[in-house]
Amino acid sequence: MGHGLVLGGGVAGLLAAAALAGHGHVVSVVERDRFDGARPRRGVPQGRHAHLLLARGVRAIESLVPGFEAALLGAGAHRVGMPQDILTFTPFGWTPRFEHGQFLVSCRRPLLESVLRDLVAGVEVVEETEALRLLGDGGRVTGAVVRSRVDGVEREVLADLVVDATGASSKADRWLGELGRSVRDVVVDPGIRYATALYRPAERFRAFPAVCVQPGPPDEGHGGVVLPVEEGRWIVSLAGLRGHVPPTDEAGFLGYAKGLRHPLVAELLGCAELVGGIRAYGAPPGRLRTFPEVAGFVAVGDAVANYNPLYGHGMTVAALDAVALRDGVEEHGLGAGVARVVRKAVSRATADAWALAVGQDVRYERTFAPGRRLPDRVAGWYADRVGAAAAVDREVAGALLDSYTLSEPLSRLMRPGVVRKVLRTKASRNTEPPLTQEERELLTT
Ligand SMILES: Cc1cc2nc3c(=O)[nH]c(=O)nc-3n(C[C@H](O)[C@H](O)[C@H](O)COP(=O)(O)OP(=O)(O)OC[C@H]3O[C@@H](n4cnc5c(N)ncnc54)[C@H](O)[C@@H]3O)c2cc1C
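Position in the sequence shown counted from 1, then plus 1, gives you our numbering.
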């Protein structure tokens, strides 16, 4: 039996702990914050903003933490069929609604974490304790130094495998640097800002579809989502890429919603009542980190990569990382070779989400990014053709949805059948949301 030490007790950390715990190892999680039920906490400031979990993520979590989906839905989360129950306005118009078997789960992020915490068993969680640095040398990590935030006492924790799940603010670059090893970062920064509020919709809107109005490159850098969450409320997040800042006063928030590429979000806000305040948040720059070969150390979740949150991939990738960890440990135990295998699998699990987000981000004129090379431009051109074809052809729309939800590799969009359809389809823009007659009447009642 070995010891797995997980640094950070957010979604990635809890799932990594679940992945290690299934093998009879001693598993501890060290978390800086104190948990407080399903309330937002300091260490996860993004947790106040809309967080959807894609079907692929739900399935991956279910394989690590059986009973997760039922528990989450039982606690008030919503299962939203994709694309039939979410109206999405892309740069190519409104996406048609049809049954495709994809879905997302929507709830407030602190609820998701608290349900996970209740279900992850066989793990010691040490709260209010901060990881300070790694132990070991440039060839092998052997543990970490942690400090209690209660009494300030520092101690060394030895481990066979240390998992960095400290999120986008991870100090792994500095920690590994202290051991003589360096990481390589690629940074793409679209300058994302969020403002989020909870709304109580009028009773008649309880079954209304979710709504997502995407930004449109190169300069319409504003978007918004309305998602159902617990207690019959909507979480409404308005977002802006650099140059667009969603306001936090009610009138400004509504005005910003009216100015989106389509006014449906604002129309819905007109049929609902604001509950509580409006919170702002500036997302960190997108960053993909490549780690050196060091035994005894792996990183997962946002500690490896964080991307434009508008695409809703982060938690799903964290779940796929944890599955990679479980599979690696199943095969190799906590021995010297496991870190290498897991690092490679995590990198594969991250690649498509990074490519999807960055492929769009670089098309906004104010994104800070390394220069676009010819292959990026060709990929951008093809992505546009896919988007345009998806607006009118269900097969292409389904293939795009499967890739976007990370259920199928991005490369599936290059299948000859899909390419043929993409190149042949004549684009036509749906400018009106695909509402049923009944839903349309609700908006005018
Ligand atoms: C505005 C916004 C909206 C988003 N929306 C979505 C969405 O709709 N869908 C989706 O899937 N993803 C979304 N994401 C991404 C998602 O939040 C992350 O991908 C996900 O939380 C990854 O979790 P993590 O555990 O890696 O990091 P985090 O959730 O950030 O957790 C890191 C944890 O480590 C702890 N920690 C940090 N440093 C230390 C330390 N030194 N010692 C001990 N503990 C430490 C922190 O307190 C925290 O608990 C969004 C992100 C943002 C910014």
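Think of the CB as a built atom: it goes at the ideal place given N, C-alpha and C, for glycine as much as any other residue.
For residue i, collect the residues of the same chain with a Cβ closer than 7 Å to its Cβ; drop the 5 residues on either side in sequence, then sort them by chain order.
| i | result |
| --- | --- |
| Leu38 | Residue identity differs from the one stated: residue 38 is Gly in this sequence, not Leu. If we look at Gly38 and ignore the five residues flanking it on each side, its Cβ neighbours are Ser115. |
| Val363 | Val189, Ala370, Arg373 and Asp377 |
| Asp86 | Pro210 and Ala211 |
| Leu228 | Ala51, Leu53, Ser107, Ala211, Trp235 and Ile236 |
| Gly25 | Met2 |
| Gly10 | Val30, Glu32 and Val126 |
Excluding the five sequence neighbours on either side, which residues of its own chain have a C-beta within less than 8 Å of the C-beta of residue i, listed in chain order?
| i | result |
| --- | --- |
| Leu199 | Val230, Arg234, Trp235, Ile236, Val237, Leu275, Val276 and Gly277 |
| Asp138 | Leu180 and Gly181 |
| Arg150 | Arg33, Glu129, Thr130 and Glu131 |
| Pro46 | Tyr282 |
| Leu401 | Val387, Gly388, Ala391 and Leu414 |
Buried or exposed for residue i, going by 16 or more other Cβ atoms inside 10 Å?
| i | result |
| --- | --- |
| Leu65 | buried |
| Gly372 | exposed |
| Arg175 | exposed |
| Glu157 | exposed |
| Met316 | buried |
| Pro410 | exposed |
| Thr291 | exposed |
| Asp220 | exposed |
Could you work out which residue in the options is closest to residue i when comparing CA atoms only?
| i | options | result |
| --- | --- | --- |
| Lys427 | Ala323, Trp382, Arg374 and Val393 | Val393 |
| Ala1 | Val27, Thr197, Glu155 and Gly3 | Lying outside 2 to 446, the shown extent of the chain, residue 1 is not represented and no answer is given. |
| Asp161 | Gly3, Leu411 and Gln361 | Gly3 |
| Ala56 | His101, Ser171 and Thr143 | His101 |
| Arg327 | Ala18, Gly10, Leu6 and Val12 | Ala18 |
| Glu439 | His223, Gly329 and Phe206 | Phe206 |
| Ala296 | Val164, Thr91 and Gly23 | Val164 |
Just checking residue i against ligand 2 - is the residue's beta carbon closer than 7 Å to any of the ligand's heavy atoms?
| i | result |
| --- | --- |
| His223 | Of the ligands one can find in the structure shown, namely ligand 1, none is ligand 2. |
Can you give me the Cβ contacts of residue i inside the same chain, cut-off strictly under 6 Å, excluding the 5 residues immediately before and after it?
| i | result |
| --- | --- |
| Val31 | Leu8, Val127, Thr130, Ala132 and Val147 |
| His314 | Ala354 |
| Val321 | Note on residue identity: the sequence assigns Leu, not Val, to residue 321. Contacts found: Ala61 and Ala350. |
| Pro247 | Ala196, Leu239, Gly241 and Tyr257 |
| Gly82 | Phe104 |
| Arg40 | Pro111 |
Answer yes or no: the CB of residue i versus the heavy atoms of ligand 1, is any distance below 7 Å?
| i | result |
| --- | --- |
| Arg33 | yes |
| Pro310 | yes |
| Ser170 | yes |
| Gly302 | yes |
| Glu129 | no |
| His79 | no |
| Leu269 | no |
| Gly14 | yes |
| Gln47 | yes |
| Gly44 | yes |
| Leu407 | no |
| Gly9 | yes |
| Thr317 | yes |
| Ala19 | no |
| Ala350 | no |
Does the pairing of the region 344-362 with the region 170-185 give three or more beta-carbon distances under 8 Å?
They do not touch, by the three-pair rule.
Would the region 295-315 count as touching the region 260-268 if we require 3 or more Cβ pairs under 8 Å?
Judged by Cβ distances under 8 Å, the region 295-315 makes no contact with the region 260-268, as fewer than three pairs qualify.
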